[in-house]
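Here the sequence shown is numbered in the working numbering, starting from 701 and rising by one per residue.
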Amino acid sequence: MQKVYDLVVVGAGIAGCSIAYTAQKQNKKVLIIDKASTPATGGSGAAGAFISPKLGKESSLLNLTNLAFGYSSNFYKNNFSKQFDQSGIVRLPKDAKDATNFEYYKTIIDADSKILTPDELKQFGVKSQFDSLYFKDGGVCDAQGICKAMVKDVEYLQIELTKLEHKERHWIINSQIEAKNVVLATGYIGYKDLLEYMGINGIWGSRGDFYTDSNIKVCMHQNISVSALKNGVIKIGATHVRAKNPCMACDGEPLKGLIASAKELADIRELKLKETFCGMRSSSRDHFPTIGKIIDAKFMLESYPNIKKGYNRAPLKYFDNLYIFNGLGGRGFVFAPLMAKWLYEHIFEAKDIDSTVSPDRLFLKWARKL
Ligand SMILES: Cc1cc2nc3c(=O)[nH]c(=O)nc-3n(C[C@H](O)[C@H](O)[C@H](O)COP(=O)(O)OP(=O)(O)OC[C@H]3O[C@@H](n4cnc5c(N)ncnc54)[C@H](O)[C@@H]3O)c2cc1C
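Encoded structure:
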C-alpha cells in the first residue's frame, strides 16, 4: 500500500458523488468506490431527481430543505447545466382545502415563486382547477448523468466494502486501500453494521421514462412528479411504499398508478414506455439528512450501560475520521450539494456540523429503546 488517500468515499450515489466532487475540487486526493461498475445504480439511479422546494407549515425541516433547494438549483445551474433542466417546477394543490394554503406557502418560502391560475397553467401543459405555485429555479436532473459528471475526474474503483480496519491513524479498506478519512455514503442497501443507531429505513419507489409528443413545458409535483418534455421524453416518478425488500413492494407492476395520476396532472396524450427504474431511498426517522461523525455505539453501551435507562451525560466517543452521508430521503438531489459542502468543511476545516443533521441526535433515542 503506497498511496494514501485524503478521502475515500464508499458509495457512488448522489451523496457520495457530491462529497467526492467537492473534495476533489479542493485538490484533495480522493477515491470513490462502489460495488457497481458505474455511479448511480442505487436509489440515485431510480430517482426522478426533481429539484423542488418543500411546502408546508414553517418548521426547521422546511427551512433547511428550502435552503438546500436554493443552493442546489444554483449549484447545478452553475456546474452541471447540461445535466440539469431548469424548466421550473409547479406545485399543485391536492384539493380545494389544500389550495387555500398556497398564498401562505408563498410568503414563508424564501424562493422566487409566483401564483399561476388554471388558465396560465394550461399554457404549460398542466391541468389544475386551482391556483398553483410556480418556482422558476426548480427543475429536474439527469440522475445518472449528473452523478457520472461529478466524478468524472475522481478515481473510481468497483469494490464492495466488506472490511474496514483502523490502523496507525488511517483506515484500511478491504486490506488494500489506505485512507486518512472515510465517508460511508452507502444509501439504504449498504454497509450497515456501524450505522444501526441511525435507524435508516427504506421507501421504495419507481419511475418511468416515456416517449411522448405532449408538449409539457414545466415540471410539476402533486402526489407524484412529472417532468417537462426534453428530447421527446418525460419522466414520471414517485416514492411511496415503506418496505424492507424492494422486489416485494414492486409486485411486478412498478408503474401501476403512476401513468393514471400523471394524466390527471398533465395534458398527456400518447405515452410509449422508454425505460423503467425502481429503487429504495433511505430516510432517517425524523426526515433530516444524517451527516457527520459516527459514534462508536458498542463502546458507548459497554462503557455507560445506563444510557439505556436514559443517562445522557456520557461524552460521545466517535470513530476517528469516519463519517456518514445518508438519510437524504425523497430529496437526495436537493440536499446533496449543500450537505456535501457542510461535510467537507467539517472534515477538512473542523467546522461543526449543524445539530439538526448530525447523527448524534439519533443515538440516545435509539439506546433508550434497546
Ligand atoms: C423512485 C425514486 C424517486 C425519487 N425522486 C427524487 C426526486 O425527485 N428528487 C430528489 O431530490 N430525490 C429523489 N429521490 C431520492 C433520492 O434518489 C435519494 O435521496 C438519493 O438517491 C440517495 O442517494 P444516496 O447516495 O444516499 O444513496 P444511493 O443512490 O442508494 O447510493 C448508494 C450507493 O452505495 C453503494 N453501496 C452500498 N453498499 C456498498 C458497499 N458495501 N460497498 C460499496 N458500495 C456500496 C450502492 O451500490 C449505491 O451505488 C427519489 C428516489 C427514488 C427511489
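The beta-carbon is built from N, C-alpha and C at its ideal position, and this holds for glycine as well.
With 16 or more other Cβ atoms inside 10 Å of its own Cβ, Q922 counts as buried. Taking C-beta atoms as the reference points, V883 and T990 fail to come closer than 8 Å.
R981 sits close to G1030, with the two beta carbons spaced by under 8 Å.
For L857, the CB stays at least 7 Å from every heavy atom of ligand 1. With respect to the C-alpha of L958, the residue from D810, R907, R942 and L821 having the closest C-alpha is R907. Leaving aside the five residues that flank E975 on each side, the residues in its chain whose CB is nearer than 6 Å to its CB run, in chain order, D909. Q786 is the residue among S718, G711, Q786 and G756 whose C-alpha sits nearest the C-alpha of V918. For S813, same chain residues with a beta-carbon under 7 Å away, outside a window of 5 residues either side, are K806, L833, Y834 and F835 in chain order. In this structure, ligand 1 has no non-hydrogen atom nearer than 7 Å to the beta-carbon of K729.
Annotation for F830: no alpha helix (DSSP H) segment contains it, and DSSP assigns it neither H nor E. For L821, the secondary structure class from DSSP, reduced to helix, strand or coil, is helix. By the beta-carbon neighbour count (other beta carbons within 10 angstroms, threshold 16), P1015 is exposed. Rounded to the nearest angstrom, the Cβ distance from I936 to V840 is 11 Å, too far for a contact under 8 Å. Cβ-Cβ distances below 8 Å link I1007 to M1000, L1001, A1014, L1064, A1067 and R1068 in the same chain, with the five nearest sequence neighbours on each side left out; the list follows chain order. Taking 8 Å as the upper bound for CB-CB distance, V704 and I733 are not in contact here, some 15 Å apart. I924 and G788 have their C-alpha atoms spaced approximately 16 Å apart. For S1055, the CB contacts under 8 Å within the same chain, skipping 5 residues up- and downstream, are R1061 in chain order.
Ranking S914, A715, H987 and N881 by CA distance to the CA of G932 puts S914 first. Pairing L1043 with Y1023 gives a Cβ-Cβ distance under 8 Å. Rounded to the nearest whole angstrom, the C-alpha separation of D798 and L755 is 11 Å. Taking Q858 as the centre and dropping the five residues before and after it, the same chain places the C-beta of I733, D734, K735, A736 and S737 closer than 8 Å to its C-beta, in chain order. Taking non-hydrogen atoms of ligand 1 into account, the C-beta of F769 is found less than 7 Å away from none of them. Contact check for G1032 against G743 passes: the beta carbons are separated by less than 8 Å. Annotation for N901 indicates a beta carbon at 7 Å or more from all heavy atoms of ligand 1. Between I916 and A997, the C-beta spacing is not below 8 Å.
DSSP places S744 in the uninterrupted alpha helix (DSSP H) bounded by G743 to A746.
In the structure shown, the three-state DSSP call for N1006 is helix. Annotation for Y856: the continuous beta strand (DSSP E) segment containing it runs E855 to Q858.
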